[in-house]
Amino acid sequence: MRGRLAFAAFLALAAPAAAQPAPGALVAPAQQPVNVGDAKFAAAVYHDSGAYQREIAVIAEKASAWIAERAPQVTRPALVLDIDETALSNWDIIKRDDFGRIIPGPCSLGQDGPCGWAAWDLLGVDPAIEPVREVFAKARALGVAVFFISGRPESQREATDRNLVAAGYGGYEKLYLPADGANFASLADYKMPIRTQIEAEGYAIIANMGDQPSDLFGGHGEKLFQLPNPFYRIP
Ligand SMILES: [Mg+2]
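Following my numbering, the numbering of the sequence shown begins with 1244 at its first residue and continues without gaps.
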């Protein structure tokens, strides 16, 4: 990590001067988007420098404060949580796969190589994102019901429940997963109707927390808490 940060500092200092071509010497594209290699590099520095963890902690603290204030004011208060990069961290596989997100394929913990995400999820070894686990614990202590809504398929229910409990999320109210093979233009098309269903059961969703805009889009949550995730996108 230190080497990577030092290299980033070196690039910041040295690259602009060294990269300046003579006027008129460079013919370059004008419209290409962000270079994927540069984006991966920036994401790794963001994670490894501690900035990622610090931003999560700040947002989690705001969520805890809001829940502590609001929960006593409503009947049947509820907290909705996403799972991946919200409750649980997949950083290990993100690193193994060099930011690729290939779903099929095997995964062996014994070898330090790339993994298929489906096989990875079935291992059930994700650690908790600790500040979010603390939000969960504080919410439960206040009598807030916690609902997990994830895009993981139904066939991963047993492994996901086992992982959540092992990571410190035991005592949640319900885990919602889409049917195997279900396809959504946006995962918001799955998650938003589930929140309306939770409300129809008499709960007041005082907070909804996720790492993707599709976790939060569509309302049905008093306050939305978006955690950082520059590593992958779930539309
Ligand atoms: Mg997520």
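Using N, Cα and C, we set each Cβ at its ideal position, and we do this for glycine too.
Option nearest residue i by Cα separation, candidates the options
{"i": "Tyr1227", "options": "Asp1291, Gln1399, Lys1283, Ala1402", "result": "As displayed, the chain neither begins before 1244 nor continues past 1478, which places residue 1227 out of reach and without an answer."}
{"i": "Pro1436", "options": "Ala1371, Arg1344, Pro1471, Ile1392", "result": "Ile1392"}
{"i": "Arg1344", "options": "Asp1364, Pro1315, Asp1325, Pro1374", "result": "Asp1364"}
{"i": "Lys1305", "options": "His1290, Leu1470, Pro1478", "result": "Leu1470"}
{"i": "Ala1311", "options": "Val1378, Asn1333, Gln1263", "result": "Val1378"}
{"i": "Leu1331", "options": "Leu1467, Glu1442, Val1375", "result": "Val1375"}
{"i": "Gly1445", "options": "Ile1302, Ala1321, Gly1267", "result": "Ala1321"}
{"i": "Glu1328", "options": "Glu1373, Ser1307, Ser1351, Arg1405", "result": "Glu1373"}
{"i": "Ala1443", "options": "Gln1399, Asp1335, Arg1319, Asn1472", "result": "Arg1319"}
{"i": "Pro1370", "options": "Trp1334, Phe1342, Glu1401", "result": "Trp1334"}
{"i": "Thr1403", "options": "Ile1441, Ala1362, Thr1439", "result": "Ala1362"}
{"i": "Phe1390", "options": "Met1452, Gly1348, Gln1263", "result": "Met1452"}
According to DSSP, residues forming a beta bridge with residue i
{"i": "Phe1391", "result": "Leu1324, Leu1418"}
{"i": "Gln1469", "result": "Gly1453"}
{"i": "Ala1371", "result": "Leu1331"}
{"i": "Ile1448", "result": "Ala1321"}
Boundaries of the beta strand (DSSP E) in which residue i is found, first to last residue
{"i": "Gly1280", "result": "That residue, Gly1280, is in no beta strand (DSSP E); its alpha helix (DSSP H) goes 1279-1291."}
Where the alpha helix (DSSP H) containing residue i begins and where it ends
{"i": "Arg1313", "result": "1294-1313"}
{"i": "Gly1440", "result": "Here residue 1440 is Gln; the residue named in the question, Gly, does not match the sequence. Note, Gln1440: alpha helix (DSSP H), 1431-1443."}
{"i": "Asp1364", "result": "1360-1366"}
{"i": "Glu1401", "result": "1400-1407"}
Any non-hydrogen atom of ligand 2 within 8 Å of residue i CB
{"i": "Thr1329", "result": "By its list of ligands, the structure shown excludes ligand 2, since it contains just ligand 1."}
Inter-stretch contact (C-beta, 8 Å, three-pair minimum) for the stretch 1428-1442 and the stretch 1402-1415: no
The stretch 1265-1284 / the stretch 1344-1356 touching (three or more Cβ pairs under 8 Å): no
Contact between the stretch 1451-1468 and the stretch 1267-1277 (3+ Cβ pairs under 8 Å): no
The stretch 1396-1403 / the stretch 1420-1431 touching (three or more Cβ pairs under 8 Å): yes
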